[in-house]
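Trainee: The structure is given below, and queries will be raised subsequently.
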Amino acid sequence: MRTAGPGDKGFTLIEVLVATVIILVGLLGLLQAVNVSMEHNLRNSLRDEAVRVGESTVYGMRRLTFDNLTGETTLKVNRNLRAFTKEYTVKRSLSDLGGRSTELVVTVEWDYRGTTYQHRVSTIISNPQ
1 MRTAGPGDKG
11 FTLIEVLVAT
21 VIILVGLLGL
31 LQAVNVSMEH
41 NLRNSLRDEA
51 VRVGESTVYG
61 MRRLTFDNLT
71 GETTLKVNRN
81 LRAFTKEYTV
91 KRSLSDLGGR
101 STELVVTVEW
111 DYRGTTYQHR
121 VSTIISNPQ
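Here full-length UniProt numbering is used: the first residue of the sequence shown is 1, the next is one more, and so on.
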């Protein structure tokens, strides 16, 4: 067996191991970036679904006649999102603005990783008569 001399070219085992460790550290950083990106994406998807729930509730209330608008209510809405079902709490409240107008406020709440988030939609409904 021949030993390497000072003029021989190539990598030593130590150089290969150091390069491997550097590449692994970089890949672990990329993996963490992917995890953070997926979490933000999921949180935004939950918020987008809450916006849809709030808007559909407001549109449903606006279709009612002025006399059929009811007071404060709370209901649970389940929505399928990706591979799971998420429960949203929808709170509706009406405030008389005097005359022929009422303010409708819809608040949609949901929990994600121990934190409660909410989205609020408000509109004014007037009696045309």
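Cβ coordinates follow ideal geometry from the N, Cα and C atoms, glycine included.
Taking DSSP's pairing of strands, which residues face F84 in a bridge?
Mentor: The sequence position of residue 84 within the sequence shown is 84, counting from 1. Its beta-bridge partners are L81.
Trainee: Mind checking which residues open and close the alpha helix (DSSP H) that includes D8?
Mentor: The residue labelled residue 8 in the question sits at position 8 within the sequence shown. Here D8 belongs to no alpha helix (DSSP H), and DSSP marks it neither H nor E.
Trainee: To the nearest angstrom, how far is the alpha carbon of S95 from that of P128?
Mentor: By 1-based counting over the sequence shown, the position of residue 95 is 95. By 1-based counting over the sequence shown, the position of residue 128 is 128. C-alpha separation (whole angstroms): 17 Å.
Trainee: Based on DSSP bridge pairs, tell me the residues matched to R92.
Mentor: The residue labelled residue 92 in the question sits at position 92 within the sequence shown. R92 pairs with T73 and V106.
Trainee: Could you give the DSSP three-state label for T116: helix, strand or coil?
Mentor: For the purposes of this step, residue 116 is taken as the residue at position 116 of the sequence shown. Residue state, collapsed to three classes: strand.
Trainee: Kindly indicate which three-state DSSP category T123 falls into: helix, strand or coil?
Mentor: Looking up residue 123 in the sequence shown gives position 123. Strand.
Trainee: Relative to the C-alpha of N80, which residue among L30, F11, D48 and V16 is closest?
Mentor: On the sequence shown, position 80 is the one that residue 80 refers to. Nearest option by C-alpha distance: D48.
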